[in-house]
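Numbering (full-length UniProt numbering), first residue to last: 1 to 249.
Beta carbons are placed, not taken as given, at the ideal position from N, Cα and C, and that holds for glycine.
Here the structure is laid out as structure tokens; the discussion comes afterwards.
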Ligand SMILES: C[S@@+](CC[C@H](N)C(=O)[O-])C[C@H]1O[C@@H](n2cnc3c(N)ncnc32)[C@H](O)[C@@H]1O
């Protein structure tokens, strides 16, 4: 199993995540995204759904409130503890689990899986494919995956236009066209303390994703370029793909 492209403990430090969450996500945004996940995946009550990786569970909690049966998994034990405590206090039934998306070991358990907010591409190519295979194995035949990543095509376009990817304005980012890895360096002041970290993610475009999905027995059904469900174009900052697991292996 390959290692992260970046220092995981530093980039997903609970202090930083707490800070960024309160600065970037509000309940209304999370609710809109949860509603779109519901729509992209045509969620129905009674389905078995997996949110992976769930972070502190901002989408899983809201979908559980709507009565959906959700399991949610993240690598970070402290995010999971925080999410479990929230669910307990709110009387919500969500099965929050600590685990590794490189090694899920779920076999045909879920009707729907979602992996959103640039949570794919943290490893070398072989391991990223393995993560996709693990998600595919966890789906029942006919089950569906929603994958949401940054659009590699678009970052390349923006790099050549502006020297810096526009969606990362204000951040120090570099895109390496050979490795297709986007590196973000961020410096923050949290409670008076300076904190800096580096985050790396392998960017994929739609044709690479199609190839990987098909290798994992997943058939792309729909492509979108943003949370609102607009059509995907070369300049869309993001990719949302819904793919269905084939009935034949
Ligand atoms: C950008 S966050 C997104 C979380 C969530 N989907 C959201 O929208 O808030 C990425 C998450 O991936 C988790 N993660 C990174 N590597 C992982 C792994 N190998 N297995 C499971 N989770 C992992 C991190 O702990 C972090 O919570």
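- When secondary structure is reduced to three states using DSSP, residue 131 falls in the helix class.
- Around the beta carbon of residue 138, a 10 Å sphere encloses 16 or more other beta carbons of the protein chains shown; the residue is thus reported as buried.
- Cα atoms of residue 148 and residue 87: separation of roughly 25 Å, rounded to the nearest angstrom.
- A heavy atom of ligand 1 is found nearer than 7 Å to the CB of residue 55.
- Not a single heavy atom of ligand 1 lies less than 7 Å from the C-beta of residue 96.
- In this structure, residue 121 has its beta carbon at no less than 7 Å from each heavy atom of ligand 1.
- 8 Å or more divides the Cβ of residue 113 from the Cβ of residue 94.
- Between residue 150 and the set 57, 226, 10, 27, the nearest pair of CA atoms involves 226.
- Residue range 48-51 is occupied by the beta strand (DSSP E) that includes residue 48, with no alpha helix (DSSP H) assigned at that position.
- In the three-state scheme derived from DSSP, where H, G and I count as helix and E and B as strand, residue 38 is classed as helix.
- Here residue 53 is buried. Its C-beta has 16 or more other C-beta atoms within 10 Å.
- By alpha-carbon distance to residue 179, the top candidate from 229, 106, 89, 121 is 121.
- Under a 10 Å Cβ-count criterion, residue 153 is classified as buried, with 16 or more other Cβ atoms of the shown protein chains found around its own Cβ.
- Residue environment for residue 63: buried (at least 16 other C-beta atoms within 10 angstroms of its C-beta).
- Listed in chain order, the non-local C-beta contacts of residue 10 below 7 Å within the same chain comprise 197, local neighbours out to five positions each way being set aside.
- Distances taken from the Cβ of residue 111 to the heavy atoms of ligand 1 include none shorter than 7 Å.
- Beyond the five residues adjoining it in sequence on each side, residue 58 comes within less than 7 Å, by CB distance, of 25, 30 in the same chain, given in chain order.
- Taking 8 Å as the cut-off, the Cβ atoms of residue 77 and residue 51 do not count as close.
- For residue 8, the enclosing alpha helix (DSSP H) covers residues 8-11.
- CA-CA distance, residue 241 to residue 206, rounds to 9 Å.
- A heavy atom of ligand 1 is found nearer than 7 Å to the CB of residue 101.
- Spatial neighbours of residue 115 in its own chain (CB-CB distance under 6 Å, excluding positions within 5 residues in sequence) are listed in chain order as 52, 147.
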